[in-house]
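A.B. asks:
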Amino acid sequence: MDLISIDSLSDADVDGLIGRALAHFDDVRSGHAAASLDGRILFNLFYENSTRTLMSFAAAAHRLGMAVVTLPVEQSSAKKGETLGDTARTLGAMRPSALVIRHQQDGAAGEVAAIIDAPVINAGDGTNEHPTQALLDAATLVRRFGSLEGKTVAICGDIRHSRVARSNAKLLPRLGATVRLAGPAKLMPADADAISIDEAIAGADAVMMLRVQRERLEEELGDAPGEYLRLYGLTPERLATAASDAVVLHPGPMNRGVEIADSVADDGDRSLIATQVEMGVAMRMACLELVVGRAEA
Ligand code: ASP
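This is the structure in structure tokens:
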């Protein structure tokens, strides 16, 4: 099986992944992770920058006993004009056990999955989806709250360009949560209901802030320094209007002082940002086990 979208997963798959990720989280912390994919090979293919996703897939694969090979895209034949399809055929012929891809084009992961036999995991395709991020976000919230049933999650910021928002908007309601999307008008998709950041955050159990993806913006936002934070960012004052035990998420990388104030990002009780990163390894272990396990069944 391939993991291209949240839609690739049944409810049983989602429950299984969250359960396995929570177990891996504790096992990694206590140094007991089992090498269940010993002898397998993971190919990492990242056409866009990454710190968390690239390293956590590599760490996850190593913890499971897999060997990891990362294509240095900048030095690859992509720079000589090779098409994505031909690169996929080439890498597929080397028979990896799984391939993880991040690409700037919507649909790129699906395109590669249609070409190669090995299972493909989408690590972010353009503004489309980032399913393993949503899965790790959900697992982080389940670890904190026990369940997402009846919880409200505010996702705020650059919704228009966010594959993280898109995957979470599909996944979290399947787990019983209500999702509120809010952002500056220029950064909202045309079809989204317009609610203000303040309305979205009021009473929410979790607030997920998103980075302004200036690399995908055609025009300047016209925000003077400090302006974005004041109008749309997560300040301590805004967070105070959320539920009293509300938590803060951010997929990273953060623009400190833009979408999130330092004191909120570093709030040891409320901020789960470091836990998200730790869960990223655990969830990617669960995802690799699922797709490789199905391919070998
Ligand atoms: N790291 C996330 C992504 O690749 C979010 C971001 O870049 O703002 O989609």
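Per numbering that gives the first Met the number 0, the sequence shown starts with residue 0, numbered consecutively.
Even for Gly, the Cβ is constructed at its ideal location relative to N, Cα and C.
From a predicted model like this one, the values you see are computed outputs, not experimental measurements.
(1) Give the list of continuous alpha helix (DSSP H) stretches no shorter than 4 residues that lie fully inside the segment 80-105.
(2) At 3 residues or longer, what runs of the beta strand (DSSP E) sit wholly inside the segment 143-206?
(3) Assess, as a yes-or-no matter, whether the segment 147-163 is touched by the segment 186-205 under the definition of 3 or more beta carbon pairs within less than 8 Å.
(4) Could you please go through the chain and list the residues whose beta-carbon is closer than 6 Å to any non-hydrogen atom of the ligand ASP?
(5) Who are the near neighbours of D305 in its chain, counting only those whose CB is closer than 8 Å to its CB and skipping five residues on each side?
(6) If I follow the unbroken beta strand (DSSP E) through I115, where does it start and stop?
(7) For the segment 257-296, list the alpha helix (DSSP H) runs that are entirely contained and at least 4 residues long, ordered along the chain.
(8) Determine the direct distance from the alpha carbon of G232 to that of P118, and round the result to whole angstroms.
(9) Under DSSP, the alpha helix (DSSP H) around T50 begins and ends at which residues?
(10) Based on DSSP bridge pairs, tell me the residues matched to F56.
(11) Is the CB-CB distance between G64 and S96 below 8 Å?
(12) Would E236 be called buried (16 or more neighbouring beta carbons within 10 Å of its own) or exposed?
(13) Identify, in the order they occur along the chain, each residue of the same chain with its Cβ nearer than 6 Å to the Cβ of A176, setting aside the five sequence neighbours on each side.
(14) Can you find a CB in chain B that lies within less than 8 Å of the CB of G251?
(15) Does the Cβ of H23 have 16 or more other Cβ atoms within 10 Å, making it buried, or fewer, making it exposed?
(16) Can you check DSSP and say which residues form a bridge with I120?
(17) Who are the Cβ neighbours of A320 in its own chain at under 8 Å, not counting the five residues just before and after it?
(18) In angstroms, rounded to a whole number, what distance separates the CA positions of D14 and A193?
(19) Where does A66 sit, in a helix, a strand or coil, going by DSSP?
(20) So, under 8 Å CB-CB, I115 and G91 are touching, yes? Tell me the CB distance rounded to an integer number of Å.
(21) If you drop the 5 nearest sequence neighbours on each side, which residues of the same chain put their C-beta closer than 8 Å to that of R299?
(22) Which partner residues does V247 have in the DSSP bridge list?
(23) Report yes if the CB atom of L44 is closer than 8 Å to the CB atom of I5, and no otherwise.
(24) Please work out which residues of its chain come closer than 6 Å, Cβ to Cβ, to A32, disregarding the five sequence neighbours upstream and downstream, and give them in chain order.
(25) Between D10 and the rest of its own chain, which residues show a CB-CB distance below 7 Å, the 5 nearest in sequence each way excluded?
(26) DSSP three-state label for R255, please.
C.D. replies: By the coordinates alone:
(1) 83-91
(2) 151-155, 177-181
(3) yes
(4) G123, H129, R162, V163, R210, Q212, P250, G251
(5) The displayed coordinates of the chain run from 0 to 296. Any statement about residue 305 would go beyond what the structure contains.
(6) Here residue 115 is taken as the residue at index 116 of the sequence shown, counted from 1. No beta strand (DSSP E) contains I115, which DSSP labels as neither H nor E.
(7) 261-264, 272-295
(8) Residue mapping note: residue 118 aligns to position 119 of the sequence shown, counting from 1. Residue mapping note: residue 232 aligns to position 233 of the sequence shown, counting from 1. One C-alpha to the other measures close to 38 Å.
(9) As a working note, residue 50 is residue 51 in the sequence shown. That residue, T50, is in no alpha helix (DSSP H); it is neither H nor E in DSSP.
(10) If you number the sequence shown from 1, residue 56 lands on position 57. Answer is none; F56 lacks a bridge partner.
(11) Translated into positions along the sequence shown, residue 64 becomes position 65. Translated into positions along the sequence shown, residue 96 becomes position 97. No, the Cβ-Cβ distance between G64 and S96 is not below 8 Å.
(12) As a position in the sequence shown, residue 236 is number 237, starting the count at 1. E236 comes out exposed.
(13) Locating residue 176 in the sequence shown gives position 177, where the first residue counts as 1. Cβ within range, chain order: L147, K150, V152.
(14) Although the question refers to chain B, the structure presented lacks it and comprises just one protein chain.
(15) As a working mapping, residue 23 is identified with position 24 in the sequence shown. Per the 10 Å Cβ criterion, buried.
(16) Walking along the sequence shown from the start, residue 120 turns up at place 121. DSSP lists L2, V99 as partners of I120.
(17) Residue 320 cannot be examined here, being either before or after the span of the chain that is shown, 0 to 296.
(18) Sequence index remark: in the sequence shown, residue 14 carries index 15 (1-based). Sequence index remark: in the sequence shown, residue 193 carries index 194 (1-based). About 31 Å.
(19) Sequence index remark: in the sequence shown, residue 66 carries index 67 (1-based). Strand at A66.
(20) Here residue 115 corresponds to residue number 116 of the sequence shown, with the count starting at 1. Here residue 91 corresponds to residue number 92 of the sequence shown, with the count starting at 1. With 8 Å as the limit, I115 and G91 qualify as a contact, their Cβ atoms being about 3 Å apart.
(21) This structure does not reach residue 299, given that the chain is present from 0 up to 296, and the question cannot be answered.
(22) By 1-based counting over the sequence shown, the position of residue 247 is 248. Paired residues: V206, S270.
(23) Position 45 of the sequence shown holds residue 44. Position 6 of the sequence shown holds residue 5. Not closer than 8 Å, so no.
(24) As a working mapping, residue 32 is identified with position 33 in the sequence shown. Once the five neighbours on either side are set aside, the close Cβ partners of A32 are D26, R62.
(25) Within the sequence shown, residue 10 is the residue found at index 11, counting from 1. Here the set comprises R173.
(26) Numbered from 1 along the sequence shown, position 256 holds the residue referred to as residue 255. Reduced to three states, the DSSP call for R255 is strand.
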